[in-house]
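Visitor: Residue numbers (this note's numbering): 40 to 131.
Questions regarding the structure given below will be posed in turn.
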């Protein structure tokens, strides 16, 4: 009869499986975070586009939001793209 040692080191296969499990968990976490970031960016883009309307133009919105004009333009472009994509999707 053999005695099992509870302090037995994991086999090479077990170590590899654990490493792969951790890698997959991290990839899943990053994927979920990217989805959240895209959603937040889309919401920010809509808010910035609305700010441009309220402030009158991109430069005034840039000053009012303390955001570079290039960032304002990027978000306005994103909002326009999202609006166009939603309109195309509604046509289907």
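Backbone N, C-alpha and C fix where the C-beta goes; we use that ideal spot for every residue, glycine too.
Would you decide whether residue 127 is buried or exposed? Buried here means 16 or more other CB atoms lie within 10 Å of its CB.
Guide: If you number the chain shown from 1, residue 127 lands on position 88. By the 16-neighbour rule on beta-carbons within 10 angstroms, residue 127 is exposed.
Visitor: Only counting runs of 3 or more residues, tell me where the beta strand (DSSP E) segments fall wholly within the region 55-82, in order along the chain.
Guide: Listed in chain order, nothing qualifies, since the region 55-82 has no complete beta strand (DSSP E) run of 3 or more residues.
Visitor: DSSP state of residue 96, grouped into three classes?
Guide: Locating residue 96 in the chain shown gives position 57, counting from the first residue. Residue 96 falls in the coil class under three-state DSSP.
Visitor: By alpha-carbon positions, which one of 115, 50, 55 ends up nearest to residue 97?
Guide: Locating residue 97 in the chain shown gives position 58, where the first residue counts as 1. Of the listed residues, the one whose Cα sits closest to residue 97 is 115.
Visitor: Under 8 Å, with one C-beta from each stretch per pair, do the region 54-67 and the region 80-87 reach the 3-pair mark?
Guide: no
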